[in-house]
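Shown next, in structure tokens, is the structure this report addresses.
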Amino acid sequence: MIVAATLPLVAEFGAAVTTSQIARAAGIGEATIFRAFKDKDEVLDACVAEAVGTEHVLRELASIPLDEPLDVRLTEAAEALCAHMERMGAVVGSLYASGHRRGRDRTPDAGPGERPPQDSRAQSLAALRDAVAELIEPDRDALRLSPERVASAFLGLLFTRMTTPVSEADAPLTPQELLSVLLHGTLKSPGSN
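Residue numbers (full-length UniProt numbering): 1 to 193.
Dropping the structure here:
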């Protein structure tokens with residue numbers, strides 16, 4: 001509850017958020033924060049862990065109805081994944097910009113908010129790929145590639161979409177454009193050169 005209430009504050013104020021603001025947002029007394037966390041840095045570390053964690057987005061992906069058309073399922077998945085990446089970027093970026101360095105006094109595998117080891121990141125990415133593949137599975141027979149390969153391509157396109165554009169021509173693809181390229185390619189009609 002404390003972390004959930006703190007996330008939007010961290011995105012807005014970064015490390016400058018106060019425990020008083022956190023307590024008001026959570027509807028608790030300030031002392032209650034320090035019963036759950038050692039200090040404000042530990043709260044901020046927990047926020048980072050929550051923001052980069054995939055549990056929430058995996059639940060959202062699992063809630064997408066499999067009886068919807070494939071493009072609808074994947075549009076919903078793209079929106080959920082984009083929201084996850086934007087939240088992660090807002091929280092981590094705001095903390096970084098305000099000078100907070102996660103777990104600066106901890107060992108690499110010591111505690112909340114630590115950047116996950118490389119294998120944890122790989123496991124998170126695999127879990128996301130598997131969740132998207134499950135959304136694609138009902139259409140396996142209509143695909144030239146396995147649902148897992150299509151899911152990998154989908155995530156690859158989606159993750160590169162999140163880069164900061166240099167110009168208007170570099171603006172990220174919308175989820176609909178991304179899905180159109182993924183499902184139908186870039187040719188106007190089959191066989192055109």
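Positions of the beta carbon are idealized from the N, C-alpha and C atoms, including for glycine. Because the structure is a prediction, the values reported are computed rather than measured.
Skipping 5 residues on each side, what residues in its chain have a beta carbon closer than 6 Å to that of residue i?
{"i": "residue 194", "result": "There is no way to answer for residue 194, as the model of the chain reaches only from 1 to 193."}
{"i": "residue 52", "result": "88"}
{"i": "residue 5", "result": "25 and 26"}
{"i": "residue 40", "result": "19"}
Would you call residue i buried or exposed, if buried means 16 or more other Cβ atoms sit within 10 Å of its Cβ?
{"i": "residue 55", "result": "exposed"}
{"i": "residue 111", "result": "Model confidence at residue 111 stands at a pLDDT of 49, short of 50, so the residue's coordinates are unreliable and nothing is read from them."}
{"i": "residue 144", "result": "exposed"}
{"i": "residue 159", "result": "exposed"}
{"i": "residue 142", "result": "exposed"}
{"i": "residue 177", "result": "exposed"}
Does the separation of the CB atoms of residue i and residue j fall below 8 Å?
{"i": "residue 194", "j": "residue 2", "result": "The shown model of the chain, from 1 to 193, leaves out residue 194, and the question about it has no answer."}
{"i": "residue 81", "j": "residue 48", "result": "no"}
{"i": "residue 78", "j": "residue 175", "result": "yes"}
{"i": "residue 22", "j": "residue 43", "result": "yes"}
{"i": "residue 7", "j": "residue 50", "result": "yes"}
{"i": "residue 131", "j": "residue 62", "result": "yes"}
{"i": "residue 199", "j": "residue 135", "result": "There is no way to answer for residue 199, as the model of the chain reaches only from 1 to 193."}
Ignore the nearest five residues each way along the sequence and tell me which others in residue i's own chain have a CB closer than 8 Å to its CB.
{"i": "residue 68", "result": "76"}
{"i": "residue 182", "result": "74, 150, 153, 154 and 157"}
{"i": "residue 129", "result": "148, 151, 152 and 155"}
{"i": "residue 11", "result": "87, 90, 91 and 94"}
Beta-carbon within less than 7 Å of residue i's beta-carbon, same chain only, minus the 5 sequence neighbours each way: which residues are those?
{"i": "residue 30", "result": "19, 20 and 23"}
{"i": "residue 97", "result": "14"}
{"i": "residue 99", "result": "15"}
{"i": "residue 71", "result": "179 and 183"}
{"i": "residue 36", "result": "2"}
{"i": "residue 140", "result": "147"}
{"i": "residue 33", "result": "2, 19, 22, 23 and 43"}
Would the beta-carbon of residue i be found less than 7 Å away from any heavy atom of the ligand COA?
{"i": "residue 124", "result": "Absent from the structure shown: the ligand COA. Ligands present: none."}
Unbroken stretches of the alpha helix (DSSP H), 4 residues or longer, contained in the stretch 26 to 111: Whole alpha helix (DSSP H) segments, 4+ residues: 30 to 36, 40 to 52, 55 to 62 and 70 to 97.
Alpha helix (DSSP H) runs contained entirely in the stretch 118 to 155, provided each spans 4 or more residues: Counting whole runs of 4 or more residues, the stretch 118 to 155 contains the alpha helix (DSSP H) stretches 118 to 136.
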